[in-house]
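Participant: Every letter in the sequence shown is one number past the one before it in full-length UniProt numbering, and letter 84, counting from 1, is 84.
For glycine and all other residues, C-beta sits at the position ideal for the given N, C-alpha and C.
One structure, pasted below without further comment.
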Amino acid sequence: MIDNIRDRYIVYKTVSKEVLKLSDIKRIFWQKYQFLFGITKTTEAGLFFEEYKDGKGLLRCTQKSLKNTLITMSLISEINSIPVIMFPIYISGTIKKAKSVIEQMFRIV
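Set out below in structure tokens:
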């Protein structure tokens, strides 16, 4: 039987005193995930950073790796020696809904 791999989209926010680059966030996230769960789980996670702007972003992962992704996100405390808080705002099963949440956030702020 073939299993459908379902994606989850995490709308997240980073809080720091300085502006962070997406490339730095990706690098630290991948390193932390691989350190915690190993290379095999990292490749199975299907991690992909869809968007990032003004400290708000969209991260795609598989349904099976959602808990591990949230754990990794909560354990990131600094990026390039800059203290950082990275936390999820909304989790969706569709990219359309996740993007609409991001648009609403930009309208409010």
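Taking the alpha carbon of Ile91 as the reference point, which residue from Lys32, Ser65, Gly38, Asn4 has its own alpha carbon closest?
Facilitator: Ser65
Participant: Express the C-alpha separation of Lys21 and Ala45 in angstroms, rounding to a whole number.
Facilitator: 22 Å
Participant: Does the contact criterion of 3 or more C-beta pairs under 8 Å hold for the stretch 54–74 versus the stretch 3–15?
Facilitator: yes
Participant: Count Cβ pairs between the stretch 84–98 and the stretch 35–44 that sit closer than 8 Å; are there 3 or more?
Facilitator: No, because fewer than three Cβ pairs between the stretch 84–98 and the stretch 35–44 fall closer than 8 Å, the two stretches do not touch.
Participant: Is it buried or exposed for Gly57, if we count other Cβ within 10 angstroms and need 16 for buried?
Facilitator: buried
Participant: In three-state DSSP terms, what is Thr62?
Facilitator: strand
Participant: Report the option in Arg6, Phe29, Asn4 whose CA atom is closest to the CA atom of Ile76.
Facilitator: Phe29
Participant: Does the distance from the C-beta atom of Val15 to that of Gly55 stay below 8 Å?
Facilitator: yes
Participant: Can you tell me whether Thr42 is buried or exposed, with buried defined as 16 or more other CB within 10 angstroms of its CB?
Facilitator: buried
Participant: Given that a residue counts as buried once 16 or more other Cβ atoms are within 10 Å of its Cβ, and exposed if not, what is Ile39?
Facilitator: Counting the other CB atoms within 10 Å of its CB gives Ile39 a total below 16, which places it among the exposed residues.
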